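Worksheet for the structure shown next.
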C-alpha cells in the first residue's frame with residue numbers, strides 16, 4: 001500500500017503502456033447480432049477491439065453507445081466494438097430483455113449477454129459504463145470508466161492502427177455484426193403517452209424517432225409526426241394552450257408539438273449534452289440539457305426529469321429560461337432541501353396540486369417534491385435494493401420504475417417497469433399494492449374515464465385496463481444487485497482513482513486544480529473519516545469496524561486539454577464518473593480500492609504472451 005504522505009498520486013504518473021493479456025469473453029446468455037455465431041477473442045486477432053461493459057437501465061451507458069457510433073463508422077475495417085451486457089437488475093438478466101434492448105437502442109455491433117457477470121469479473125470492472133481497449137495482438141492497453149472518453153479512445157485507435165500496420169499485425173476487413181430481421185408493427189418500443197383534447201392518444205414511438213397519434217381505440221394510426229425531427233423521444237406533457245412539450249431525449253432538447261397545426265418548435269437545449277461546469281440556468285436555447293426523460297406541467301412551469309444528470313430542472317415558458325430545480329448531480333437517494341437532494345435517473349413525473357411525483361428509476365423508488373422544494377421518498381431505499389413486495393411503504397420494493405400516474409382518489413399508480421406490473425401507493429394509508437401483472441415493461445400510463453391505459457413498451461402497444469377495486473395478490477420477492485460486494489478491511493483504506501491524461505493532452509491547471517474527488521457512504525456511519533470533497537484523486541479513508549456492509553459513493557472529475565503550444569485556445573475535455581461500490585467489511589479484505597477513470601492500474605504489469 002502506498003504512503004499518501006510520500007508517494008505521488010498514481011493517477012498523475014505517466015507510464016509506459018502496460019501489456020496485459022485479455023481474458024476470454026464468456027457469457028451464459030450467448031451472442032446477439034452475430035447471426036447465431038459464437039465468437040472468441042481469437043476471432044478478433046488483427047483488429048483493435050473495444051469492450052463496452054453496459055447494462056440497459058443505465059443512462060450513462062446509453063450516452064456511451066451514442067459516443068461510439070462515429071468511431072465505429074470511421075474505423076469499420078480495423079475496429080470492432082463488442083457490447084458486454086452486465087446486468088444490475090434481475091430483469092436485465094433475461095436474455096429476451098437484452099435482445100429487446102439491443103433493438104430498442106439501435107446497437108449495431110455484436111453483444112455478449114453475460115447474465116452472471118463472468119466477463120465483468122475477469123476484467124475487474126467496477127462501474128457501468130466501462131470501456132476496455134484491446135490491441136490487435138490481444139493485449140489490454142486501456143480502460144475508461146464513465147462518459148466523455150470517445151476523443152481519447154479515437155486517438156488510441158489511430159495509434160494502434162498505425163503501429164500494427166507497420167508491424168504487419170493489422171488485419172482489415174468486414175466486422176462480425178449481423179443485423180436482426182426487421183419487425184413490422186405500428187409502434188416500436190413506445191415510451192410515454194398523453195391524451196389530447198380530441199380524445200386521441202399521442203405516443204412517443206421511441207425507437208422509430210417519431211410521435212404517433214392514435215384514435216381513441218388506442219390502435220388506429222391517424223398520423224406520424226416528426227420524422228427527422230426527434231431522436232428517441234420520451235416524455236410528453238400537455239400545456240394549457242393545447243400544445244404538447246416533448247422530451248427529445250437523445251437530442252438533449254425540449255420541443256413543442258401543436259396538434260392543431262402540426263408545427264414543431266425547439267424551445268430548450270442546444271443539441272449538446274450538459275457537462276459539469278456548464279451553465280445550470282439561463283436562456284433556454286443557450287443552456288445544454290442531458291437526456292430529458294419525462295416532462296410535467298406543475299406550478300406554472302414545465303418540470304423536467306433530467307435523467308442524464310440525476311436532477312429535476314424547470315422550463316419557464318414566460319421567461320424562456322431553464323434552471324436546476326432539485327438535485328446535486330450525485331447519483332443516489334438522499335432527501336431534504338432541493339439543493340441537497342440526490343436522485344438516480346429520474347424517469348417519470350406526475351403532478352397533483354400539492355405534489356410532483358417522481359419515478360426515480362435507478363433507486364427503484366417513488367419520490368415526491370413539495371412546492372417549497374423539499375424532496376421526500378415514499379418507497380425505496382437505495383441503488384442496490386429492489387424487488388416486488390407489497391405492504392407498508394417502508395418495506396415495499398419496486399424494480400426500476402419508469403412511470404407514475406396520479407389517480408383520482410389521491411393515490412398514484414406506478415409503472416413498475418422491470419417487474420412488468422402496475423403498482424399503487426396510497427399516501428393516506430402508506431400502503432403499496434399491485435393493480436396488474438403480466439404487463440411487458442410498462443413505461444407510462446394515462447387515465448381515460450374509469451380506465452387506465454398503459455404503455456406496454458416491450459409489447460409495442462397500449463393496453464387498456466379497468467382500475468380494479470381490489471389489489472392483485474403477488475408473492476413477495478426481494479433482490480440485491482447481482483454485482484458482488486468488494487471485500488475491504490476495517491480501518492484504513494486507500495482509495496485511488498486512476499487517471500492518465502490521454503495521448504496529446506495534459507491536465508488543465510490554468511484556473512486551479514484540474515481534478516476533484518467527492519466521497520460519501522451509505523449508511524453514513526460506514527465512514528469514520530475521509531468523506532467530503534477534495535482536489536486529489538486519492539484519499540485515505542477510515543472504515544468503521546462496527547458497520548459490516550454498505551456502499552461507498554465516489555465521484556471523480558478530471559479536466560485535460562490538448563497539449564499543443566501553438567494553439568492559444570486548446571480544446572478541453574472533462575472526464576467524469578460516479579461509482580456506487582458495494583463493500584463488505586472483513587478482516588481479510590483489501591486495504592486499497594483502485595477505481596479506474598482512465599488508464600490502467602498496472603504499473604508493474606509484466607508482459608505475457610497473448611493467447
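In my numbering, the protein residues as written are 1 to 611. Heads up, the beta-carbon is just placed ideally off N, CA and C, and yes, glycines get one too. Please read all numbers here as calculations on a predicted model, not as lab measurements.
Residue i and residue j look like a contact to me (Cβ under 8 Å); what is the Cβ gap, rounded to whole Å?
| i | j | result |
| --- | --- | --- |
| residue 254 | residue 270 | That belief does not hold up - the Cβ atoms of residue 254 and residue 270 are roughly 11 Å apart, past 8 Å. |
| residue 21 | residue 139 | 6 Å |
| residue 237 | residue 297 | 5 Å |
| residue 498 | residue 599 | 5 Å |
| residue 338 | residue 351 | Actually they are not in contact, since the Cβ atoms of residue 338 and residue 351 sit about 16 Å apart, beyond 8 Å. |
| residue 60 | residue 178 | Contact doesn't hold; Cβ gap of about 27 Å is too wide. |
| residue 100 | residue 365 | About 24 Å separates the two Cβ atoms, so there is no contact after all. |
| residue 445 | residue 417 | Not a contact, Cβ separation roughly 11 Å. |
| residue 485 | residue 583 | 6 Å |
| residue 479 | residue 343 | So it is not a contact: roughly 21 Å between Cβ atoms. |
| residue 191 | residue 443 | 6 Å |
Below 6 Å CB to CB, which residues in the same chain sit around residue i once its five sequence neighbours on both sides are set aside?
| i | result |
| --- | --- |
| residue 466 | 451 |
| residue 613 | What the structure shows of the chain is the stretch from 1 to 611, and residue 613 is not part of that stretch, so it cannot be assessed. |
| residue 175 | 80 |
| residue 4 | A caution first: residue 4 carries a pLDDT of 31, below 50, which makes its placement in the model unreliable, though a value can still be read off. Cβ neighbours of residue 4 beyond the five flanking positions: 540. |
| residue 118 | 26 |
| residue 288 | 270, 272, 274, 278 |
| residue 295 | 235, 237, 245, 247, 302, 304 |
| residue 331 | 310, 344, 578 |
| residue 495 | 539, 541, 593 |
| residue 2 | With a pLDDT of 33 at residue 2, under the threshold of 50, the modelled position of that residue is not reliable, and the figure given next carries that caveat. So the list is empty, once near-sequence residues are dropped. |
| residue 12 | Low per-residue confidence applies at residue 12: pLDDT is 36, beneath 50, and the placement is therefore not dependable enough to give any value. |
| residue 367 | 358, 360, 377 |
Out of the options, state which residue places its alpha-carbon closest to the alpha-carbon of residue i.
| i | options | result |
| --- | --- | --- |
| residue 252 | 234, 362, 114 | 234 |
| residue 380 | 414, 340, 449 | 414 |
| residue 329 | 311, 318, 35, 335 | 311 |
| residue 578 | 51, 53, 128 | 128 |
| residue 374 | 102, 547, 355 | 355 |
| residue 656 | 301, 261, 360, 353 | The first residue shown for the chain is 1 and the last is 611, placing residue 656 beyond what the model contains. |
| residue 301 | 322, 526, 88 | 322 |
| residue 187 | 406, 346, 222 | 222 |
| residue 65 | 130, 125, 116 | 130 |
| residue 519 | 493, 113, 122, 293 | 493 |
| residue 516 | 538, 524, 526, 530 | 538 |
| residue 206 | 171, 183, 249 | 249 |
| residue 526 | 243, 586, 556 | 586 |
| residue 696 | 574, 580, 596 | No statement about residue 696 is possible, as the shown extent of the chain runs from 1 to 611 and does not include it. |
| residue 184 | 283, 357, 461, 227 | 461 |
| residue 228 | 102, 208, 137, 545 | 208 |
| residue 291 | 306, 283, 281 | 306 |
| residue 409 | 401, 121, 426, 180 | 426 |
Counting only the same chain and skipping the five closest in sequence on each side, list residues whose C-beta sits under 7 Å from that of residue i.
| i | result |
| --- | --- |
| residue 590 | 487, 488, 489 |
| residue 81 | 50, 52, 68, 72, 109 |
| residue 601 | 498, 594 |
| residue 434 | 390, 421, 423, 471, 472, 474 |
| residue 9 | With a pLDDT of 35 at residue 9, under the threshold of 50, the modelled position of this residue cannot be trusted, and the question is left open. |
| residue 210 | 224, 225, 226, 227, 230 |
| residue 612 | With the chain represented from 1 up to 611, any question about residue 612 goes unanswered, as that position is not in the structure. |
From the DSSP output, read off the bridge partner residues of residue i.
| i | result |
| --- | --- |
| residue 415 | 403, 422 |
| residue 144 | 131, 598 |
| residue 554 | 519, 579 |
| residue 586 | DSSP, once it has assigned bridges, lists no residue as partnering residue 586. |
| residue 52 | 83, 131 |
| residue 190 | 205 |
| residue 139 | 21 |
| residue 389 | 397 |
| residue 305 | 294, 312 |
| residue 257 | 244, 264 |
| residue 44 | For residue 44, which the question treats as bridged, DSSP gives no partner whatsoever. |
| residue 113 | 30, 85 |
With a CB to CB cut of under 8 Å and the five nearest residues on each side skipped, what residues in its chain are close to residue i?
| i | result |
| --- | --- |
| residue 6 | In this prediction, residue 6 has a pLDDT of 30, which is less than 50 and means its spatial position is unreliable; nothing more can be read from the coordinates. |
| residue 504 | 155, 562, 563, 564 |
| residue 31 | 37, 38, 39, 110, 111, 112, 113 |
| residue 436 | 421, 422, 454, 465, 468, 472 |
| residue 28 | 113, 114, 115, 116, 118 |
| residue 609 | Caution is warranted here: a pLDDT of 35 is assigned to residue 609, below 50, making its placement in the model unreliable, and the coordinate value is therefore given only provisionally. So the qualifying residues of the chain are 21. |
Any Cβ of chain C within less than 8 Å of the Cβ of residue i?
| i | result |
| --- | --- |
| residue 90 | In summary, chain C is missing from the structure at hand, where a single protein chain is found. |
Could you tell me whether the segment 258-267 touches the segment 66-85, where touching means 3 or more Cβ pairs closer than 8 Å? Using a C-beta cut-off of 8 Å, the segment 258-267 makes no contact with the segment 66-85, since fewer than three inter-stretch Cβ pairs fall below that distance.
Between the segment 205-216 and the segment 179-196, do three or more beta carbon pairs fall short of 8 Å? Judged by pairs of C-beta atoms under 8 Å, the segment 205-216 touches the segment 179-196, as three or more such pairs exist.
Cβ pair count under 8 Å reaching 3, the segment 159-174 against the segment 84-100: In the pairwise beta carbon analysis, the segment 159-174 is classified as not touching the segment 84-100: fewer than three pairs are separated by under 8 Å.
Using 8 Å as the Cβ pair cut-off and three pairs as the minimum, do the segment 549-557 and the segment 441-455 touch? Result no; under three Cβ-Cβ pairs closer than 8 Å.
Would you say the segment 93-104 touches the segment 145-161, given that touching needs at least three Cβ pairs under 8 Å? These segments do not touch.
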